[in-house]
Amino acid sequence: MEQGTEDVPVVYLHEIKRQYMQGEAPLIILNGVKLALWAGQSVALVAPSGSGKSTLLHIAGLLETPDQGEVYVGGAPTSQLSDTERTLLRRTEIGFVYQSHRLLPEFSALENVMLPQMIRGLKKSETVKRATEILGYLGLADRLKHRPAELSGGEQQRVAIARAVANAPRVLLADEPTGNLDPHTADHVFQALMQLVKATQVAMLIATHNMELAGRMDRRVSIVDGQIVEME
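Numbering-wise, numbering that gives the first Met the number 0 puts 191 at position 192 of the sequence shown, and it's gapless, one number per residue.
In structure tokens form, the structure reads like this:
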């Protein structure tokens, strides 16, 4: 897939290095990672457990700070931002979907999708309208008032996707979003993700072990010796 119409990637990881101490010795996880995510492009991150997939997602999503290197969002560097500025940037520009849906059990599907918008400061009427539209788009129009316990696994994950895109982020980061689902449900959730990418032109990076799903995305990358390698 060709790059988006913008001159700069939505997110660009430049020379990212990250290591942890394992006893007395450093364990190098990322060693000079370079990765560009473009608007409207879906990228699969396929690598073995322990290779650094989650670390890379956390750094791309400004949840974790690299030891060296820079994370650019919309062409702007983020390393010198305060914690408050990073939080605001995540709230407006970045959406997250995890393997576990992490929905708030005491709230309905609609309320779970409204909350991020209300935290951002939107009026309640606006949040109701947008949450209803997104859930309807994902095939959940008749589940708006249901709480998570009343939804199937696939429905819960689609609510989680709706919540992730509620504030119209420019990038969507997903960590094994279909890992807890059966193949049929996983395919349904994956299709919903791909539809959102095309409809909203969000850039999407998904960490996954599912090669069949990865094969249906625009790009596939892996982590080899701490660096990003493009796959066929």
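Every residue gets a Cβ at the ideal spot worked out from N, C-alpha and C, and that includes glycine.
Rounded to a whole number of angstroms, what is the C-alpha to C-alpha distance between residue i and residue j?
i, j, result
"R146", "Y136", "19 Å"
"D141", "V158", "12 Å"
"G68", "L12", "8 Å"
"D224", "T77", "25 Å"
"I205", "V228", "15 Å"
"H183", "S151", "13 Å"
"K144", "I27", "47 Å"
"E63", "V70", "11 Å"
"V7", "W37", "8 Å"
"Q21", "T177", "31 Å"
"K197", "G39", "6 Å"
"M117", "R129", "11 Å"
"Q79", "D181", "42 Å"
"G3", "E23", "Note that G3 scores 43 on pLDDT, short of 50, meaning its location in the model is unreliable; the coordinates nonetheless yield the value given after this. Cα to Cα, G3 sits roughly 45 Å from E23."
"V32", "E14", "5 Å"
"G94", "S48", "23 Å"
"R85", "N209", "31 Å"
"D217", "A191", "15 Å"
Starting from residue i and walking both ways along the beta strand (DSSP E), at which residues does that stretch end?
i, result
"S221", "218 to 223"
"V10", "10 to 21"
"V7", "No beta strand (DSSP E) contains V7, which DSSP labels as neither H nor E."
"E231", "Here E231 belongs to no beta strand (DSSP E), and DSSP marks it neither H nor E."
Specify, as a first and last residue, the run of the alpha helix (DSSP H) that residue i falls within.
i, result
"V127", "123 to 136"
For residue i, which residues of its own chain have a beta-carbon under 7 Å away from its beta-carbon, when the five flanking residues on both sides are left out?
i, result
"K122", "none"
"L139", "A108, E154, R157, V158"
"F189", "T177, L212"
"A148", "P104"
"D174", "S53, L56, Y97, Q98, A206"
"T126", "M113, Q116, M117"
Among the residues of its own chain, which have a CB less than 8 Å from the CB of residue i, if the five just before and after it don't count?
i, result
"D66", "K16, R17, Q18"
"R119", "R90, T91, N166"
Using 8 Å for Cβ pairs, my map puts residue i next to residue j. What's the rounded Cβ distance?
i, j, result
"V164", "L195", "6 Å"
"M230", "S41", "Not confirmed; about 14 Å, so no contact."
"L61", "R89", "5 Å"
Take residue i and list the residues in its own chain whose beta-carbon comes closer than 6 Å to its own, dropping the five residues that flank it on each side.
i, result
"L34", "L12, I227"
"Q200", "A38, G39"
"S50", "I222"
"P168", "E92, I93, G94"
### Within the region 78 to 121, ranges of the alpha helix (DSSP H) (whole runs, at least 4 residues)
82 to 92, 108 to 119
### Task
Return the chain-ordered ranges of every alpha helix (DSSP H) run that is complete within the region 138 to 215 and spans a minimum of 4 residues.
Restricted to the region 138 to 215, the alpha helix (DSSP H) segments that are unbroken, complete and at least 4 residues in length are 152 to 163, 182 to 199, 210 to 213, listed in chain order.
### Residue ranges of each beta strand (DSSP E) within the region 33 to 77, 3 or longer
41 to 44, 67 to 72
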